[in-house]
Ligand SMILES: NC(=O)c1ccc[n+]([C@@H]2O[C@H](COP(=O)([O-])OP(=O)(O)OC[C@H]3O[C@@H](n4cnc5c(N)ncnc54)[C@H](OP(=O)(O)O)[C@@H]3O)[C@@H](O)[C@H]2O)c1
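Residue numbers (UniProt numbering), protein chains in the order written: chain A, 1 to 196; chain B, 1 to 244.
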C-alpha cells in the first residue's frame with residue numbers, strides 16, 4: 001500500500017500520540033513528513049522511531065514566527081505541500097468557577113489561533129488538489145465538566161472546516177475535520193475521568 | 001492492497017451502482033463477495049464482470065425467506081461472514097400532498113426494514129472483527145423537495161447504528177453508516193433527472209457528483225481493520241454537500 005507515494009506532508013504536534021502515529025503511517029504509505037512540536041527532545045525521539053523520510057522543526061503553533069520558520073524549512077527542502085495535518089492541540093481541565101485567563105488563553109491560542117495560522121501560512125506552498133486535515137475532538141459536540149474551554153475550541157476547529165471547504169474549493173483543496181476520542185493521550189493519563 | 005484478504009462479504013444491492021463498485025474494490029483488496037439483488041440479469045452481468053471471487057444470490061431485502069436463502073448460501077460455501085454492506089436502497093420523490101401508503105412502504109420496506117433483517121439474519125455467521133456498514137445518505141440530514149419518505153428512511157438508518165453499537169457490545173462486531181452525497185448511479189438518474197443531477201453537482205462544494213468508486217473506497221476502509229476504533233459513526237462521503 002503506497003497511497004501517499006511521493007507526497008509531502010506537514011504534521012503539527014508530531015512528537016507523540018495521534019500526530020506521531022499518523023507520521024509513522026504516512027511514511028509507511030510513501031510520504032515524506034515534516035513534523036513540528038515544542039519539545040525538542042521528544043520530537044527527536046519521535047523522528048528516531050520513524051527513521052526515514054522525516055524532518056523535524058521545533059516550534060510552537062501559537063507563535064507566528066515559529067510557523068514562518070516551519071514553512072521556510074518546508075519550502076527549502078520540498079518546495080510544496082500536498083497534505084497538512086493540523087493536529088497540535090492543548091488543553092487543561094478547569095471548572096468554570098476556577099478557570100484562569102491563562103487557562104483560557106493557552107487553550108485558544110494553540111487550538112484555535114495556532115491552527116488558523118497553521119493553515120493560512122501553508123496555503124502559498126499548497127499544491128492544488130491537496131488535503132487538509134484538522135484534529136477536532138468528540139468533545140466538539142459534547143458537554144463535559146471542566147472541559148468547557150477545550151470543547152469550545154474544538155467546536156471552533158470543526159467549524160473552520162466548513163468555511164475553508166468553500167474558500168478553497170476552487171483550488172480543489174479538500175478540508176476535513178477528524179474527531180477522535182482516544183484513551184492513549186499522555187496528557188490525560190491512564191484513567192482519570194472523561195477523555196476527549 | 002490486501003486489507004480484506006480471506007474475508008467474506010455480503011453486499012446487498014451489489015449488482016449496480018455503489019454496491020457494484022464496492023464489490024470490485026472489496027475483491028481487489030482480497031475479499032470473496034456475495035452480491036444480492038432482485039434482477040437476475042443485473043446480477044449475472046455483475047458476476048461476469050467481478051470474476052471468480054464473486055457469487056450472486058437473487059432476492060429482495062424486504063423478503064425474509066429470500067434473505068434466509070442468501071445466508072444459507074454464504075454458510076454453505078464459506079462457513080462464516082466478516083463483512084455486511086447493507087446497501088440496497090430505493091426511493092422516489094413525491095411532494096407532500098400526494099404521498100400514498102405505497103410510496104412510504106417502498107422507501108421504508110427496503111431502506112429500514114430491509115436493512116434491519118439484512119443485519120439481524122447475518123449475525124449468526126459473524127464474529128469478532130466483523131464489520132457492518134449501512135448506506136445512509138446526505139438526504140438523512142437535509143431536506144429536499146419531495147424527499148419526505150426517502151430522507152426520513154435514511155435518517156432512521158443512521159440511527160440504527162447507534163442502538164446496534166449497544167446491542168453488539170462485547171461481540172467485537174462494529175457497525176457504521178456510510179452516507180453518500182449525490183453519486184452518479186441509476187438511482188440518482190431516476191430520482192433527480194438530468195437537471196436535478198446538474199443542480200446537485202453545482203450545490204456540492206467539490207462541484208460534481210461522486211463516482212461510485214469514491215464511495216467504494218470508504219466502504220473498503222470501514223470494512224477493514226483500518227477503521228478498528230470506529231463504531232456507531234456516520235461517515236459522510238458527499239463532497240461537502242451536507243456538511244456546511
Ligand atoms: N446515488 C446517490 O446519489 C445516493 C446518494 C445517497 C445514498 N444512496 C444510497 O446508496 C445505495 C445504493 O444506491 P445506488 O446509488 O448505487 O443506486 P442503484 O445502482 O440503483 O443501487 C440500488 C441497488 O439496490 C438494489 N435493491 C433495491 N431494492 C432492493 C430490494 N428490495 N432487495 C434487494 N435489493 C434491492 C437494486 O437492485 P435490484 O433493483 O435488482 O434489486 C440496486 O442494485 C442506496 O441505499 C441509496 O439509497 C445513493
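Ideal Cβ placement from N, Cα and C applies to all residues, glycine included.
These numbers come from a predicted model, not from an experiment.
For residue i, three-class secondary structure by DSSP
i: residue 61(A); result: coil
i: residue 96(B); result: coil
i: residue 137(A); result: coil
i: residue 234(B); result: strand
i: residue 131(B); result: strand
i: residue 122(B); result: helix
i: residue 176(A); result: strand
i: residue 176(B); result: strand
i: residue 128(A); result: strand
i: residue 147(A); result: coil
i: residue 227(B); result: helix
i: residue 158(A); result: helix
i: residue 78(B); result: helix
i: residue 58(B); result: strand
i: residue 35(B); result: strand
i: residue 141(B); result: coil
i: residue 110(B); result: helix
i: residue 102(A); result: helix
i: residue 22(A); result: helix
i: residue 5(A); result: coil
i: residue 182(B); result: coil
i: residue 107(A); result: helix
i: residue 165(A); result: helix
i: residue 90(B); result: coil
i: residue 181(A); result: coil
i: residue 103(B); result: helix
i: residue 153(A); result: helix
i: residue 170(B); result: coil
Residue i: CB within 8 Å of a non-hydrogen atom of ligand 3
i: residue 209(B); result: For ligand 3, the structure offers nothing, since it holds only ligand 1.
Extent of the continuous beta strand (DSSP E) run through residue i
i: residue 246(B); result: Any property of residue 246(B) remains undetermined from this structure, which presents chain B solely from 1 to 244.
i: residue 293(B); result: Only positions 1 to 244 of chain B appear in the structure, and residue 293(B) is not among them; the question remains open.
DSSP bridge partner residues for residue i (one or two, in chain order)
i: residue 11(A); result: 35(A), 85(A)
i: residue 54(A); result: 33(A)
i: residue 210(B); result: 183(B)
Whole-angstrom distance between residue j and residue i, CA atom to CA atom
i: residue 191(A); j: residue 37(A); result: Because the pLDDT at residue 191(A) is just 33, under 50, the model does not fix this residue reliably, and the point stays unresolved.
i: residue 70(B); j: residue 48(B); result: 19 Å
i: residue 98(A); j: residue 104(A); result: 11 Å
i: residue 181(B); j: residue 67(A); result: 36 Å
i: residue 54(B); j: residue 125(B); result: 18 Å
i: residue 171(B); j: residue 127(B); result: 7 Å
i: residue 101(B); j: residue 61(B); result: 19 Å
i: residue 185(B); j: residue 73(B); result: 28 Å
i: residue 156(B); j: residue 44(A); result: 49 Å
i: residue 113(A); j: residue 141(A); result: 20 Å
i: residue 85(A); j: residue 159(B); result: 30 Å
i: residue 15(B); j: residue 183(B); result: 16 Å
i: residue 79(B); j: residue 31(B); result: 14 Å
i: residue 173(B); j: residue 229(B); result: 11 Å
i: residue 132(A); j: residue 115(A); result: 11 Å
i: residue 233(B); j: residue 175(B); result: 8 Å
i: residue 34(B); j: residue 162(A); result: 38 Å
i: residue 41(B); j: residue 50(B); result: 14 Å
N-terminal and C-terminal residue of the alpha helix (DSSP H) that residue i is part of
i: residue 157(B); result: 148–167
i: residue 119(A); result: 115–122
i: residue 93(A); result: Here residue 93(A) belongs to no alpha helix (DSSP H), and DSSP marks it neither H nor E.
i: residue 47(B); result: 40–50
i: residue 12(B); result: That residue, residue 12(B), is in no alpha helix (DSSP H); its beta strand (DSSP E) goes 8–12.
i: residue 49(A); result: 40–50
i: residue 192(B); result: 186–203
Open item on the list: Residues of the stretch 161–175 of chain A in Cβ contact with chain B at a cutoff of 7 Å, in chain order, please.
Closed with: Answer set for the stretch 161–175 of chain A: 162, 165, 166, 169.
- [ ] Below 7 Å between beta carbons is the criterion; list the residues of the stretch 221–244 of chain B that meet it against any residue of chain A, in chain order.
- [x] Against chain A - using a Cβ distance shorter than 7 Å - the residues of the stretch 221–244 of chain B are 240, 243, 244.
Open item on the list: For the stretch 178–194 of chain B, list every residue whose C-beta sits within 9 Å of some C-beta in chain A, in sequence order.
Closed with: For the stretch 178–194 of chain B, the set of residues with a beta-carbon nearer than 9 Å to any beta-carbon of chain A is empty.
- [ ] Taking a Cβ distance cut-off of 8 Å, strictly less, list which residues of the stretch 202–216 of chain B are near chain A, in chain order.
- [x] Those residues of the stretch 202–216 of chain B placed with their C-beta closer than 8 Å to a C-beta in chain A are 205, 206, 207, ordered along the chain.
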